[in-house]
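Here is the structure we will look at, set down as structure tokens.
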Amino acid sequence: MQIKPIFSALRRHRLATLLIALEIALACAVLCNACFLIANRLQLMHIQSGVDEASLAVISLTGFEDAQAVDLNARVSAGLGAMPGVQSVSVINTVPLGRRKGTAGISLDPAGQHFGGVVDFFLGGPGALDALGLRVVAGRHPLPDEYAPITSFVPSNSTVLVTRALAEHLWPGVDPLGKEFWCDKLHFRVVGLIEHLVRADPGGRGADTAEWAVFVAAQPGPKFAGTYLLRADPAELPRVVRDARTAIAKIAPDAVLEQEDSRSVSDLRESRFRQDRAMAGMLVGVVLALLLVTALGIVGLASFWVQQRRKQIGIRRAIGATRRDILSYFQTENFLIVSGGIGLGMLLAFALNLMLMKFYELPRLPLYYLPIGALVLWALGQLAVLGPALRAAAVPPVVATRSV
Amino acid sequence: MFGYYLNLALRSLNRNKVLTALMVLAIAVGIGASMTTLTVMHLLSGDPVPTRSGTLFYPQIDPVTVDGNHAEPLDVMDYHSAVDLWHAQRAERQAMIASSTIKLRAPDVNLPPLMMPMLATTADFFPMFDVPFQYGSAWQAQDDEHRARVAVISAQLNDKLFGGANSVGRTLRLRDTDVRIVGVLKPWRPSPQFYSVAGGRFAHGNTADYYSKPEDVYLPFFSGLEINAGSFGVFNCWRVPDDYAHLENAPCSWISLWVQLGSSAKVSDYARFVADYAAQQKALGRYTHAENTRLRSLMQWLDYNRVVPSDVRLQTWLAFGFLGICLFNTIGLLLAKFLRRAGEMGVRRALGATRGALFAQCLVEAGLIGLLGGLGGWLLTLMGLWLVRQQPAVYADLAHLDMAMFLITFVLAIAVSLLAGVLPALRASRVAPGLQLKTL
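Here the protein sequences come in this chain order: A and B.
Mapping of the first sequence onto the working numbering: position 13 corresponds to residue -7, and the numbering continues sequentially without gaps.
Mapping of the second sequence onto the working numbering: position 327 corresponds to residue 1080, and the numbering continues sequentially without gaps.
Printed below as a string of structure tokens:
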């Protein structure tokens, strides 16, 4: 296939060629970045919570007074614990992907000079650590007498486990066991290291801080009551949650069930990322509409060119060109234009990504998106031009002998 | 002449229906996408109190006594600062705000207890923010100081508890306290829920919650604090408080103050008053960063908090990128369409039509395509907004096309198509008549 005649033909249609190339370039830029945004959302939606989501559920109560808390804890633990299928009931403040509670800034010295970051505190009563199914990779579980009563929002001297991600951030390269940190006058001592545990709202403070979480051993009581972690067999969990929600009206008639929060952890995940899913869906819609419009543009212009060149095609056919030659002429032409567009589009994609990074805290676009975007657009171009090119190939040689 | 051009345009569009349909479709899809997102953007970034937003201001002071970032004062105030500034009554109107969730029962209604969002505020809140009443009225100014057990409820709560009937004078049990209903609001849905906007700079763009519905129960400020003690959310504490149940003396910020100031002289007076207050508190040893005060207007405050969620802004950018692609597409297709008629153009030129006349004719045709595309775009926008309403976002129920956006749909469609038409029309009007006539 000779490329030179194609180039000279394109030179005569500079404007139209430029337009299609620009359209492809813009499409390439938007396509790469939109796909990257989709991938980011999907990644967030599938973040590893670190807990046994499939076997866990939360029952959350409000509308009771502090004086009733001890009684409430006892009644709920006994009442829900006696239900068939329930393996354990423990007091907790919240779960990963649930309602956000216990977020506070910490420092690495008692004076508060060396700021450590803003972390999520997960409070758990006895049994909560095992029920969550957290993987403790170093150190130990809190001892029974380390579950201390709460003074403000955590015990004044807490025994805690931290995630690997938080330990790496606070004490890079150092063994975190035995380390201490503070939140004003509240003191924390690390006894164990957890593999994974995400915040209640993993995307809320930037993706790199998603696992800045601390598990605090705490004794249920007046300021630590109302939210209960249920563990059951995954197959039975939906029934257990349903039953527990009904049973709670009898167990604690004075309290009010938090409808939105009292669900299985997988349901909490689903609602936590509902907005992200909607956004990803919308982006997919944009990408599809974009590909469609681009393809239509190519079809329209290619059809026009075929129409315009009927006579030349006829002449070429009359002097010996095969249908295949005509077909590949239009295909090559399209390939060249799309390639030009892609070249410019990659630069645009990069520029757009820089803008998104500046305004939307997005990470840098990985380079492999560019060749993938290019392949998609090449394929799209070839697909779009196929119809008009086949019509061109079908032009009979006899057209050459007719005047228009 | 315009009628004749229109006639020609219609004939031309009719001649190649596929190409026409492609162009109309491209414009319609582009307009549909961008108008959907633009409408959402317009609804979310609008003025929540159009009647008087220019006179509403949000004072800020810096009561934080520990080191750290003091570049901007805290978004809301501590109890003592807010109450002092409110007590001074130096503005035309002033309202303190603190929110919480409260347990609610209506003694003579057979419903289980509910947890409802409650706003503790002062009497000026209602006239100041132009809150509409259905029945009764706001409480009196002295009710704030006297800790009167009265309440104003929302239209939704009134519908839920009393079937929409006039419930003024009836009793609500809030936690352990009975209050008398003195007023029922009309449906009221400011966008955003501007009076409790705070902390936008820490939100990482996840600001959708600023568009939630207003609270269902309104109590006189001090009554509310008393009745629901221990349930108020704090914005920030710079030291860990001894007791979260009694925040009055805690080193925590949790109360917003809004003031109404009618003239720019009053604004500068009030700014000076706030600065003087802060200086005095520093002298008393309560503040360490007294000079760190602000007095932003309502719209400045909303801007500062970047209230429009970043997802919405991103969608708008994407939609306009998409419209750009549709624009290029239409230029290409129009170019094909006009150049195909070069012969006809040549004849018209030879018969005496000026270049301007041909140019105008081409633009009329482009405009007609824009009008058709606008029609399609309007339908797609309606569909797009319906899709937005199905989304789980808290602002979903706000998404409706108003008259202004309806008109903008068509203006934008025609503008885009005319813009797309300029280049092809220029090319088409420059055909050399001789050359074209020879090939005929």
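Glycine included, C-beta positions come from ideal geometry on N, C-alpha and C.
Exercise. What are the start and end residues of each continuous alpha helix (DSSP H) run of 4 or more residues lying completely inside the region 1013 to 1072 of chain B, in chain order?
Worked result: 1017 to 1036, 1051 to 1057
Exercise. Mind pulling the beta strand (DSSP E) runs of 3 or more residues that sit fully within the region 1086 to 1145 of chain B?
Worked result: Runs of the beta strand (DSSP E) lying entirely within the region 1086 to 1145 of chain B, each at least 3 residues long, are absent.
Exercise. Is A/Leu328 near A/Cys15, with beta carbons less than 9 Å apart?
Worked result: Their beta carbons are not under 9 Å apart, which means A/Leu328 does not touch A/Cys15 by this criterion.
Exercise. Would DSSP call A/Thr302 helix, strand or coil?
Worked result: coil
Exercise. Which same chain residues, not among the five before or five after A/Ser35, have their C-beta less than 8 Å away from its C-beta?
Worked result: Gln67, Gly113, Arg211, Ala212, Asp213, Pro214, Leu217
Exercise. Could one say the Cβ of A/Gly43 lies closer than 9 Å to chain B's Cβ atoms, at least one of them?
Worked result: yes
Exercise. Going along chain A in order, which residues have a C-beta closer than 9 Å to the C-beta of B/Cys1005?
Worked result: Result: empty, since nearest Cβ-Cβ is about 11 Å, beyond 9 Å.
Exercise. To the nearest angstrom, how far is it from the Cα of A/His94 to the Cα of A/Leu88?
Worked result: Using only the alpha carbons, I get a separation of about 5 Å.
Problem set entry | Straight-line Cα distance separating B/Arg902 from B/Ala918 | 21 Å
For this session: If I'm right that A/Gly280 touches B/Leu775 with Cβ under 8 Å, what's the distance once you round it to whole angstroms?
Result: 5 Å
Exercise. What does A/Pro185 reach in chain B if we use C-beta pairs closer than 7 Å?
Worked result: A quick correction: the sequence has Arg, not Pro, at residue 185 of chain A. In chain order: His957.
Problem set entry | Endpoints, beta strand (DSSP E) assigned at A/Asn13 | Premise fails: A/Asn13 lies in the alpha helix (DSSP H), -6 to 25, not in any beta strand (DSSP E).
For this session: Determine whether the Cβ of B/Gln1144 lies closer than 9 Å to any Cβ atom of chain A.
Result: yes
Problem set entry | Residues that DSSP places opposite A/Gly85 in a beta bridge | A/Val98
For this session: Might you give, ordered along the chain, the residues of its own chain that have their beta carbon closer than 6 Å to the beta carbon of A/Val384, omitting 5 neighbours on each side?
Result: Bear in mind that the predicted position of A/Val384 carries a pLDDT of just 48, short of 50, making it unreliable; the figure below should be weighed with that in mind. There are no such residues.
For this session: Express the C-alpha separation of A/Ala260 and A/Ser251 in angstroms, rounding to a whole number.
Result: The straight-line gap from Cα to Cα measures roughly 14 Å.
For this session: Following the continuous beta strand (DSSP E) through A/Ser40, name the residue where it begins and the one where it ends.
Result: Residues 36 to 42.
Exercise. How would you label A/Glu313, buried or exposed, when you count the other beta carbons within 10 angstroms and need 16 or more for buried?
Worked result: buried
Exercise. How is A/Glu250 classed by DSSP in three states: helix, strand or coil?
Worked result: Helix.
Exercise. How would you list, in chain order, the residues of chain B whose beta-carbon sits under 8 Å from the beta-carbon of A/Met326?
Worked result: In chain order: nothing, as chain B lies at least about 16 Å away.
For this session: Spell out the partners DSSP gives B/Tyr948 in its beta bridges.
Result: According to DSSP, B/Tyr948 bridges with nothing at all.
For this session: Could you check what DSSP says for B/Met754 in three-state terms: helix, strand or coil?
Result: For B/Met754, the secondary structure class from DSSP, reduced to helix, strand or coil, is coil.
Exercise. According to the Cβ coordinates, are B/Ala873 and B/Ser853 closer than 9 Å?
Worked result: yes
Problem set entry | According to DSSP, residues forming a beta bridge with A/Ser70 | A/Leu209
Exercise. Comparing the C-beta of A/Gln23 with each C-beta of chain B, is any distance below 9 Å?
Worked result: no
Problem set entry | Rounded separation between A/Val365 and B/Val1169 - CA only | 26 Å
Exercise. What are the residues of the region 856 to 884 of chain B that lie near chain A, defined by any Cβ-Cβ distance shorter than 8 Å?
Worked result: Lys856, Pro865, Pro866, Leu867, Met868
Problem set entry | Residue range of the unbroken alpha helix (DSSP H) whose run includes A/Glu238 | Here A/Glu238 belongs to no alpha helix (DSSP H), and DSSP marks it neither H nor E.
For this session: Give a yes or no on whether the C-beta atoms belonging to B/Ser1009 and B/Tyr948 are separated by under 9 Å.
Result: yes
Exercise. So B/Arg1183 and B/Phe1091 are in contact, right, with Cβ under 8 Å, and what is the actual spacing, rounded?
Worked result: The pair is not a contact, with the Cβ atoms about 11 Å apart (cut-off 8 Å).
Exercise. Rounded C-beta distance between A/Glu126 and A/Thr139? I'm assuming under 8 Å.
Worked result: 4 Å
Problem set entry | Residues from the region 134 to 167 of chain A in contact with chain B, defined by Cβ distance under 7 Å | Cys163, Asp164, Lys165, Leu166
For this session: Determine the direct distance from the alpha carbon of B/Leu1116 to that of B/Val1164, and round the result to whole angstroms.
Result: 15 Å
Exercise. Whose C-beta lies closer than 7 Å to the C-beta of A/Gln311 among residues of the same chain, with five residues either side of it excluded?
Worked result: Once the five neighbours on either side are set aside, the close Cβ partners of A/Gln311 are Gln362, Val365, Ala369.
Problem set entry | Exposure label - A/Pro348; buried when at least 16 CB within 10 Å | The sequence given here places Tyr at residue 348 of chain A; Pro does not occur at that position. Its Cβ having fewer than 16 others within 10 Å, A/Tyr348 is exposed.
Exercise. Whose C-alpha, out of A/Ala301, A/Ile352, A/Arg249, A/Leu109, is nearest the C-alpha of A/Gln199?
Worked result: A/Leu109
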